[in-house]
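Novice: Could you have a look at this structure, given as C-alpha coordinates, before my questions?
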Amino acid sequence: MRQYETPRGFHGIEAEKYQNDRGVYTRLVQESSAIGNDEDAVLRPGSSFLWIGEDHHLSRCEVEELISHLNRWLETKTLAVTTRQSNEG
40 MRQYETPRGF HGIEAEKYQN DRGVYTRLVQ ESSAIGNDED AVLRPGSSFL WIGEDHHLSR
100 CEVEELISHL NRWLETKTLA VTTRQSNEG
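Residue numbering for the sequence shown follows this note's numbering, beginning at 40 and increasing consecutively.
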(Lines of atoms letter the chains of each structure in order from A and count residues from 1; the text may use other names and numbers.)
(Lines give C-alpha, C1' and ligand atoms only; values in the text may rest on other atoms or scores of the structure.)
Protein backbone atom coordinates (compact mmCIF):
# COMPACT_ATOMS: atom_id res chain seq x y z
CA MET A 1 0.00 0.00 0.00
CA ARG A 2 1.06 3.55 -0.69
CA GLN A 3 0.02 6.69 1.13
CA TYR A 4 -0.39 9.92 -0.81
CA GLU A 5 -1.53 13.51 -0.45
CA THR A 6 -3.81 15.22 -2.94
CA PRO A 7 -3.03 18.70 -4.31
CA ARG A 8 -5.72 19.98 -1.90
CA GLY A 9 -3.97 18.43 1.12
CA PHE A 10 -6.19 15.41 1.73
CA HIS A 11 -4.57 12.05 2.47
CA GLY A 12 -5.29 8.69 0.95
CA ILE A 13 -4.13 5.13 0.53
CA GLU A 14 -3.87 3.18 -2.70
CA ALA A 15 -2.49 -0.25 -3.58
CA GLU A 16 -0.77 -1.68 -6.64
CA LYS A 17 -3.19 -4.61 -6.80
CA TYR A 18 -6.08 -2.18 -7.33
CA GLN A 19 -5.18 -0.80 -10.75
CA ASN A 20 -7.69 0.30 -13.34
CA ASP A 21 -7.57 -0.99 -16.91
CA ARG A 22 -4.91 1.62 -17.82
CA GLY A 23 -2.57 0.44 -15.02
CA VAL A 24 -3.26 3.51 -12.87
CA TYR A 25 -3.65 2.95 -9.13
CA THR A 26 -7.14 3.49 -7.80
CA ARG A 27 -8.06 4.90 -4.42
CA LEU A 28 -8.72 2.51 -1.55
CA VAL A 29 -9.46 5.14 1.11
CA GLN A 30 -9.17 8.93 1.01
CA GLU A 31 -10.20 11.80 3.25
CA SER A 32 -13.13 13.73 1.81
CA SER A 33 -13.50 17.49 1.59
CA ALA A 34 -17.20 17.21 2.54
CA ILE A 35 -18.04 18.91 5.84
CA GLY A 36 -20.35 17.02 8.19
CA ASN A 37 -22.25 18.06 11.29
CA ASP A 38 -19.47 17.03 13.66
CA GLU A 39 -18.50 19.68 16.21
CA ASP A 40 -14.94 19.99 14.90
CA ALA A 41 -15.70 19.41 11.20
CA VAL A 42 -14.87 22.93 9.98
CA LEU A 43 -11.61 23.04 11.94
CA ARG A 44 -10.50 19.60 10.75
CA PRO A 45 -10.98 19.27 6.97
CA GLY A 46 -11.05 15.66 5.88
CA SER A 47 -12.29 14.41 9.26
CA SER A 48 -16.03 14.11 8.57
CA PHE A 49 -16.12 11.61 5.72
CA LEU A 50 -13.90 9.08 3.93
CA TRP A 51 -14.05 8.04 0.31
CA ILE A 52 -13.96 4.23 0.15
CA GLY A 53 -13.04 2.89 -3.25
CA GLU A 54 -14.10 5.11 -6.11
CA ASP A 55 -17.82 5.49 -5.47
CA HIS A 56 -18.52 5.33 -1.72
CA HIS A 57 -18.75 8.20 0.76
CA LEU A 58 -18.88 7.14 4.44
CA SER A 59 -19.53 9.32 7.48
CA ARG A 60 -17.72 8.87 10.81
CA CYS A 61 -20.65 6.80 12.13
CA GLU A 62 -20.62 4.63 9.02
CA VAL A 63 -16.85 4.12 9.31
CA GLU A 64 -17.32 3.10 12.95
CA GLU A 65 -19.99 0.63 11.87
CA LEU A 66 -17.78 -0.71 9.09
CA ILE A 67 -14.93 -1.21 11.57
CA SER A 68 -17.32 -3.10 13.83
CA HIS A 69 -18.31 -5.35 10.93
CA LEU A 70 -14.69 -5.89 9.92
CA ASN A 71 -13.64 -6.66 13.51
CA ARG A 72 -16.47 -9.19 13.77
CA TRP A 73 -15.32 -10.65 10.46
CA LEU A 74 -11.80 -11.01 11.85
CA GLU A 75 -13.16 -12.77 14.94
CA THR A 76 -15.82 -14.96 13.31
CA LYS A 77 -14.50 -15.21 9.73
CA THR A 78 -17.89 -14.08 8.39
CA LEU A 79 -19.78 -10.83 7.92
CA ALA A 80 -23.05 -12.68 8.48
CA VAL A 81 -24.80 -11.92 11.76
CA THR A 82 -25.76 -15.03 13.69
CA THR A 83 -28.98 -15.17 15.70
CA ARG A 84 -26.96 -14.98 18.93
CA GLN A 85 -25.08 -11.87 17.77
CA SER A 86 -28.29 -10.08 16.69
CA ASN A 87 -29.89 -10.79 20.10
CA GLU A 88 -26.86 -9.33 21.90
CA GLY A 89 -27.56 -6.03 20.29
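All C-beta atoms in this analysis are idealised placements derived from N, C-alpha and C, irrespective of residue type, glycine included.
By the 10 Å Cβ neighbour count, where 16 or more other Cβ atoms means buried, how is GLN124 classified, buried or exposed?
Specialist: Since pLDDT at GLN124 reaches only 48, below the 50 mark, its modelled position is unreliable, and no value is offered.
Novice: Which partner residues does ARG41 have in the DSSP bridge list?
Specialist: According to DSSP, which records beta bridges pairwise, ARG41 is partnered with GLU53.
Novice: If we count the other Cβ atoms within 10 Å of its Cβ and call it buried at 16 or more, is GLY48 buried or exposed?
Specialist: When all chains shown are included, GLY48 counts as exposed.
Novice: Any Cβ of chain B within less than 9 Å of the Cβ of GLY62?
Specialist: In the displayed structure, chain B is absent; only one protein chain is listed.
Novice: In chain order, what residues of the same chain have a beta carbon less than 8 Å from the beta carbon of HIS50, not counting five sequence neighbours either side?
Specialist: Once the five neighbours on either side are set aside, the close Cβ partners of HIS50 are GLN42, TYR43, GLU44, GLN69, GLU70 and GLY85.
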